[in-house]
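Colleague:
In UniProt numbering, the protein residues as written are 1 to 259.
What follows is the structure, given as structure tokens:
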């Protein structure tokens, strides 16, 4: 079932979205060489609790995980890309870090992710990959208009990722979001324009282009959660929660500094 939110629920989604955006923005500023992934998890817990919100991850136990997840944020480093379970690891100069955060407040969830390089030793191939997924996300948001089709968004993402030369995995992608984190519809990162459900005002979608440098195959860590590239190649991932409005798409998960 696809949820259509009321204007009041979309308002509450804006509050949740800004919280997610603010926390990710703060974490990006705080993450440095030597930061431990477990510290990032604890900082996130403190912020969620202080805001009177609830983590979507702590008790999250889907069929594909070895669950419950038990942490407040996904921290994926280098060849890890999705569901990165925080572990006792200190970030090194040049690490490519992805933070993925979903919280619920006021009965409405929001979900976002960012990838960035830690420290000063940025590899240009990593930078290009991050820029590609960010471009793909912007293209999908631009295509998200009322009366448009879901396939338009998937196609917009696919064009940018393919232009960057990256293989595309369609097992995991974007999703509907609302009173819970993961809902219908699934939004694959490749698709045909003019196909799929019609976009309507009140729909919330979490769009999340992600790639691995040279493969579309994932492998799972012994922790049962962390998904890595099968080749050990670097990865990048970005995500925003958007609301379909009468005019187009509104990004709900921007930090307050960008409103």
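C-beta atoms are modelled at their ideal positions from N, C-alpha and C, and glycine is treated no differently. Small disclaimer: the values here were computed from a predicted structure and weren't measured.
Could you check how far apart the C-beta atoms of residue 13 and residue 108 are, in whole angstroms? I think they sit under 8 Å.
Modeller: Within the chain shown, residue 13 is the residue found at index 13, counting from 1. Within the chain shown, residue 108 is the residue found at index 108, counting from 1. With 8 Å as the limit, residue 13 and residue 108 qualify as a contact, their Cβ atoms being about 4 Å apart.
Colleague: Along the beta strand (DSSP E) that carries residue 129, what are the first and last residues, could you check?
Modeller: In the chain shown, counting from the first residue as 1, residue 129 sits at position 129. Careful: residue 129 lies outside any beta strand (DSSP E), inside the alpha helix (DSSP H) at 124-143.
Colleague: DSSP three-state call for residue 259: helix, strand or coil?
Modeller: Against the chain shown, residue 259 aligns to sequence position 259. With a pLDDT of only 49 at residue 259, under 50, the local geometry of the prediction cannot be trusted, and the value read off the model is given with reservation. DSSP places residue 259 in coil when its eight states are reduced to three.
Colleague: How is residue 12 classed by DSSP in three states: helix, strand or coil?
Modeller: The residue given as residue 12 occupies position 12 in the chain shown. Here residue 12 sits in helix by DSSP.
Colleague: Under 8 Å, do residue 35 and residue 91 count as touching if we go by C-beta distance?
Modeller: Numbered from 1 along the chain shown, position 35 holds the residue referred to as residue 35. Numbered from 1 along the chain shown, position 91 holds the residue referred to as residue 91. Contact: yes.
Colleague: Whose C-beta lies closer than 7 Å to the C-beta of residue 123 among residues of the same chain, with five residues either side of it excluded?
Modeller: Sequence index remark: in the chain shown, residue 123 carries index 123 (1-based). Contacts found: 94.
Colleague: In angstroms with no decimal places, state the Cα-to-Cα distance between residue 208 and residue 150.
Modeller: For the purposes of this step, residue 208 is taken as residue 208 along the chain shown, with counting starting at 1. For the purposes of this step, residue 150 is taken as residue 150 along the chain shown, with counting starting at 1. For residue 208 and residue 150, the distance between alpha carbons rounds to 14 Å.
Colleague: In chain order, what residues of the same chain have a beta carbon less than 8 Å from the beta carbon of residue 233, not counting five sequence neighbours either side?
Modeller: As a working mapping, residue 233 is identified with position 233 in the chain shown. Contacts found: 79, 212, 213, 214 and 215.
Colleague: For residue 154, does the three-state DSSP call read helix, strand or coil?
Modeller: On the chain shown, residue 154 is found 154 positions in, with the first residue counted as 1. Helix, per DSSP.
Colleague: For residue 230, I'd like the list of residues in its chain whose CB is within less than 6 Å of its CB, leaving aside the five on either flank, ordered along the chain.
Modeller: Working through the chain shown from its first residue, we reach residue 230 at position 230. Hits under 6 Å: 215, 217 and 219.
Colleague: For residue 112, tell me which candidate among 120, 118, 83 and 87 has the shortest Cα-Cα distance.
Modeller: Taking the chain shown and counting its residues from 1, the one referred to as residue 112 is at position 112. Per the Cα distances, 83.
Colleague: Need the endpoints of the beta strand (DSSP E) that residue 48 sits in, please.
Modeller: Taking the chain shown and counting its residues from 1, one reaches residue 48 at position 48. Premise fails: residue 48 lies in the alpha helix (DSSP H), 37-50, not in any beta strand (DSSP E).
Colleague: Leaving out the 5 sequence neighbours to the left and right, which residues in its chain are closer than 8 Å to residue 259 when beta-carbon positions are compared?
Modeller: Locating residue 259 in the chain shown gives position 259, counting from the first residue. Any reading at residue 259 must be qualified, since the residue scores a pLDDT of 49, below 50, and its modelled position is unreliable; the value itself is stated next. Closer than 8 Å at Cβ, skipping near neighbours: 18.
Colleague: Assign residue 178 to one of two classes, buried (16 or more other C-beta atoms within 10 Å of its C-beta) or exposed (fewer than that).
Modeller: For this step, residue 178 is matched to residue 178 along the chain shown. Buried, because 16 or more other Cβ atoms sit within 10 Å of the Cβ of residue 178.
Colleague: When you compare only the Cα positions, how much space is there between residue 140 and residue 156?
Modeller: The residue given as residue 140 occupies position 140 in the chain shown. The residue given as residue 156 occupies position 156 in the chain shown. Their backbone Cα atoms lie some 5 Å apart in a straight line.
Colleague: At which residues does the beta strand (DSSP E) containing residue 211 begin and terminate?
Modeller: Stepping through the chain shown from its first residue, residue 211 is reached at position 211. Start and end: 210-212.
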